[in-house]
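A.B. asks: Numbering (the working numbering), first residue to last: 500 to 1088. Think of the CB as a built atom: it goes at the ideal place given N, C-alpha and C, for glycine as much as any other residue. All values derive from a computational prediction rather than experimental measurement.
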Amino acid sequence: MAKVEKELEVLQTKKLKMTPSEAIVETLLAEGIDQMYGILGSAFMDMLDLLPTAGIKFIPVRHEQSAGHMADAFTRVTGKAGVIIGQNGPGITNMVTSVASANMAHTPMIIIAPTAGTKTIGWDGFQECDEASVFEKITKATVKVTHPSRVADCLRTAFRLAYAERGPVLYHIPRDYFYGEIEDYILEPSQYRVEKKGFGDSKAIDEAVELLLQAKKPAIISGRGAVDANAIDTVVELAEYLSAPAAVSYMHNDAFPCDHELAVGPIGYMGSKAAMNSLKDVDVLLAIGTRLSVFGTLPCYDIDYFPKNAKIIQIDINHRNIARTHPIAVGVLGDAQDASLEILKRLKEKRETNERNEQRIQEIAALKQEWEQELVDLAMVPGNPMNPRRALLEISRAIPETAIVTSDIGNTSSTANAYLKFKQPRKHIAALTFGNTGFAYPSAIGAKLAAPDCPALAIVGDGAWGMSLHEVSTAVEQKLPVIACVFNNGAWCAEKKNQVDFYNNRFVGADIEGPNFAEVAQSMGAEGVRVDNPEDLQKALAAALKSDKPTVIDILVDGTQLAPPFRKDALQMPTRLLEKYAHLDHKNW
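1) May I ask you to list the residues that DSSP assigns as paired with Ala580?
2) Between Ala657 and the rest of its own chain, which residues show a CB-CB distance below 6 Å, the 5 nearest in sequence each way excluded?
3) Would you report the Cα separation of Val509 and Gln977, rounded to the nearest angstrom?
4) Could you check whether Ala714 and Gly788 sit closer than 7 Å to each other, using their CB atoms as the reference points?
5) Give the secondary structure of Leu791 by DSSP, where H, G and I count as helix, E and B as strand, and everything else as coil.
6) Please check the pair Ala572 and Ser942, which I expect to be a contact at CB under 8 Å, by giving their CB distance rounded to whole angstroms.
7) Helix, strand or coil for Leu892? Go by DSSP, reduced to three states.
8) I need the boundaries of the alpha helix (DSSP H) containing Arg643, first residue and last residue.
9) Which of the three DSSP states, helix, strand or coil, is assigned to Asn987?
10) I'd like to confirm the pairing. Which residues does DSSP put opposite Gly764 in its beta bridges?
11) For the alpha helix (DSSP H) holding Ala902, just list the boundary residues, first then last.
12) For the beta strand (DSSP E) containing Glu627, name the first residue and the last one.
13) Going straight from the alpha carbon of Gln872 to that of Ser972, what length do you get?
14) With a CB to CB cut of under 6 Å and the five nearest residues on each side skipped, what residues in its chain are close to Gly581?
15) Check whether the Cβ atoms of Lys696 and Asp782 sit closer than 7 Å, and answer yes or no.
16) For Lys810, which residues does DSSP report across the bridge?
17) Out of Asn935, Arg889 and Arg896, point me to the one whose CA is closest to Thr914's CA.
18) Flag this pair as yes or no: are the beta carbons of Gly833 and Gly699 separated by less than 7 Å?
19) May I ask you to list the residues that DSSP assigns as paired with Tyr670?
20) Given this structure, state the Cα-to-Cα distance separating Thr796 from Leu968, to the nearest angstrom.
21) Could you please give me the residues that DSSP links to Ser721 through a beta bridge?
22) How far does the alpha helix (DSSP H) with Ile944 in it reach, from first residue to last?
23) Have a look at Asp780 and Val708 and give me their C-alpha separation to the nearest angstrom.
24) Could you check if Gln813 is buried or exposed, using at least 16 other CB atoms within 10 Å of its CB as the buried criterion?
25) Per DSSP, what kind of secondary structure is Asp548 in: helix, strand or coil?
26) Check each candidate in Ile816, Gly624, Thr614 and Tyr684 and name the one with the smallest Cα separation from Thr518.
27) When we look at the beta-carbon of Leu507 and count the other beta-carbons within 10 Å, is it buried (16 or more) or exposed?
28) Run through DSSP, which three-state label would Lys518 get?
29) Of all the alpha helix (DSSP H) runs that stay within the bounds of the stretch 802 to 870, which reach a length of 4 or more residues?
30) Which residue from Gly1027, Lys810 and Leu778 puts its Cα closest to that of Ala983?
31) State the start and end residues of the unbroken beta strand (DSSP E) segment that holds Glu682.
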């Protein structure tokens, strides 16, 4: 009865007289938004003034790029679209990198982007920029507010597209449109967007079921879509029914519980050899909520593991991702949870129980044991001062089950792909395939804001740290005990490895001379500690996890112990044609 009364109440909603700023804020509240990120600006100050009374917390950052990364992480942890805002012109263009990163990560996000006032557009006035054209290729859509009376309607459209297309949407509003008087409805999200798409085409589900029942060596790859759809328990049931090894897609190590006997770990760069060797000869591959990206399925460790002859069943909520990179046998356009649940249900209808394949499970266990031992052995190789793998091993052993770990891009951060293991979903927040530095720390802040009771820890190289250490001030100001594990090897080591392998150890722009990051952290009001051995790192991690203040652990590691190049396939040995450069030609080394 209460539900019916609520529906009648919504249907009887009347238009409200309000300002455009009030209409925007009330629409945000209807969407459940309780925090936003950015730097204040005069362009939206009329709306900003309403936020405390509305109950929406504004988190001021030190650089607008950080706002996008914080919102990205907030969404990955909560499932709720993050909202960022900045001053028209430079405030918004500072967000380009983090919005592009969220776009590649398929993270719903709203960028409230004020533009110059309508009376001055086109005069190249102060801070004027056509933000819509700048963001056109790195968002799912740009929604332009064409009249003050449309502010709520356009914002609803932005949310609808962000969730439907799984990515950022630019809400482009002239700064003078925050003012005035309008009449409009404040609608509930259920009145203008659909939350779920169901399991898709029933015939496709039947085809998937038949392939899986006929499969001799099926396998599963679980991705971000399975996490977003809260489908992990169902994916586990499917793996158990099929006795199928379950890998996780590149840098989504939380997409299947690591302690399950069928878990084989991540594929992709610096992933798990157990996963790769489990996939090589499968006959049916069930890809759940993963776009099977090109970079995320490249050969690694000289293992060309992605199965060439397997029949692929791909489940994805976005039609753009189905068969985009690999030919499929069956495509299921639907919600990862709904589709997986329906496949499982129909499998059991055809064959109530499936015989447990003990031989295959033993093979999986052997591959995992061999890989785990290799990881430990690699970490125990001495370094000067410390092997970065040893530091990663100690971190992986120290973090509690509830911890959220964010990882940047770079040599050590990417090697973390092999060492990070999670039993719970929504715990791994990585930079993914946009591959920008400076991602991890602001993302850890966003994760901590999303889940205050969970420890949040960032893995970041010293190069990337230079792009994000300013946000320690934000963590101190907001009283967020975020932990930064800075791997300090004095170089941009991912690129340095390319110069080692392809340019005869000629280092141009690779080396970094930096300060004592622990001392810098202390000067900003955070805890700071510098370590150069495993024992001190263990103590620092234990103290940081107990602290109620942000902590920066400056970890001195060996800069010569490097991972393979990211894109071995995209580099060539140098050839020089002019005489003055002949000594640089690889034939003359």
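C.D. replies: The answer reads as follows:
1) Taking the sequence shown and counting its residues from 1, the one referred to as residue 580 is at position 81. In the DSSP output, where bridge partners are listed per residue, Ala580 has none listed.
2) Here the question's residue 657 lines up with position 158 in the sequence shown. Cβ neighbours of Ala657 beyond the five flanking positions: Ile609, Val642, Val668 and Tyr670.
3) Sequence index remark: in the sequence shown, residue 509 carries index 10 (1-based). Sequence index remark: in the sequence shown, residue 977 carries index 478 (1-based). Annotation note: pLDDT 49 at Val509 (below 50); position unreliable, no value reported.
4) Against the sequence shown, residue 788 aligns to sequence position 289. Against the sequence shown, residue 714 aligns to sequence position 215. Cβ distance not < 7 Å, so Gly788 and Ala714 don't count as in contact.
5) Counting from 1 along the sequence shown, the entry for residue 791 is found at position 292. Correct three-state label for Leu791: coil.
6) Within the sequence shown, the letter at position 73 stands for residue 572. Within the sequence shown, the letter at position 443 stands for residue 942. That pair is a contact at about 4 Å.
7) If you number the sequence shown from 1, residue 892 lands on position 393. If DSSP states are grouped into helix, strand and coil, Leu892 belongs with the helices.
8) As a working note, residue 643 is residue 144 in the sequence shown. At residue 643 the sequence reads Lys, which differs from the Arg that was named. First-last for Lys643: Ala640 to Lys643, but that is the beta strand (DSSP E), not the alpha helix (DSSP H).
9) Numbered from its first residue, the sequence shown carries residue 987 at position 488. If DSSP states are grouped into helix, strand and coil, Asn987 belongs with the strands.
10) Taking the sequence shown and counting its residues from 1, the one referred to as residue 764 is at position 265. Beta-bridge pairing links Gly764 to Ala746.
11) For the purposes of this step, residue 902 is taken as the residue at position 403 of the sequence shown. Ala902 -> no alpha helix (DSSP H), and no H or E assigned at all.
12) As a working mapping, residue 627 is identified with position 128 in the sequence shown. Premise fails: Glu627 is in no beta strand (DSSP E) and is neither H nor E.
13) Translated into positions along the sequence shown, residue 872 becomes position 373. Translated into positions along the sequence shown, residue 972 becomes position 473. Straight-line Cα distance between these residues: approximately 40 Å.
14) Counted from its first residue, the sequence shown places residue 581 at position 82. Once the five neighbours on either side are set aside, the close Cβ partners of Gly581 are Ala570, Phe573, Thr574 and Met608.
15) As a first step, residue 696 is located in the sequence shown; it is residue number 197 there, counting from the start. As a first step, residue 782 is located in the sequence shown; it is residue number 283 there, counting from the start. No.
16) The residue given as residue 810 occupies position 311 in the sequence shown. Paired residue(s): Val783.
17) By 1-based counting over the sequence shown, the position of residue 914 is 415. Closest option to Thr914, Cα to Cα, is Arg889.
18) Residue numbering aside, residue 833 sits at position 334 when the sequence shown is read from its first letter. Residue numbering aside, residue 699 sits at position 200 when the sequence shown is read from its first letter. Their beta carbons are under 7 Å apart, which means Gly833 touches Gly699 by this criterion.
19) Within the sequence shown, numbered from 1, the residue matching residue 670 stands at position 171. Bridge partners of Tyr670: Ile611 and Val642.
20) For this step, residue 796 is matched to residue 297 along the sequence shown. For this step, residue 968 is matched to residue 469 along the sequence shown. Rounded to whole angstroms, Thr796 to Leu968 spans 32 Å at the Cα level.
21) For the purposes of this step, residue 721 is taken as the residue at position 222 of the sequence shown. Answer by DSSP bridge pairing, in chain order: Val747 and Ile787.
22) Here the question's residue 944 lines up with position 445 in the sequence shown. Here the alpha helix (DSSP H) through Ile944 covers Ala939 to Ala949.
23) Position 281 of the sequence shown, counted from the start, is the residue given in the question as residue 780. Position 209 of the sequence shown, counted from the start, is the residue given in the question as residue 708. When rounded, the distance between both Cα atoms is 20 Å.
24) In the sequence shown, residue 813 corresponds to position 314, counting from 1. Gln813 should be labelled buried.
25) Translated into positions along the sequence shown, residue 548 becomes position 49. Of the three classes helix, strand and coil, the one that applies to Asp548 here is coil, per DSSP.
26) One-based indexing of the sequence shown puts residue 518 at position 19. Among Ile816, Gly624, Thr614 and Tyr684, the Cα nearest to that of Thr518 is on Tyr684.
27) For the purposes of this step, residue 507 is taken as residue 8 along the sequence shown, with counting starting at 1. For Leu507, the pLDDT reaches just 38, beneath the cut-off of 50, and the residue's location in the model is therefore unreliable, leaving the point undetermined.
28) As a position in the sequence shown, residue 518 is number 19, starting the count at 1. Looking at the sequence provided, one finds Thr at residue 518 rather than Lys. The answer is coil: DSSP assigns Thr518 none of H, G, I, E or B.
29) 835 to 849
30) Within the sequence shown, numbered from 1, the residue matching residue 983 stands at position 484. When only C-alpha atoms are compared, the closest one is Gly1027.
31) Taking the first residue of the sequence shown as position 1, residue 682 is located at position 183. Where Glu682 is concerned, the enclosing beta strand (DSSP E) stretches over Ile681 to Asp683.
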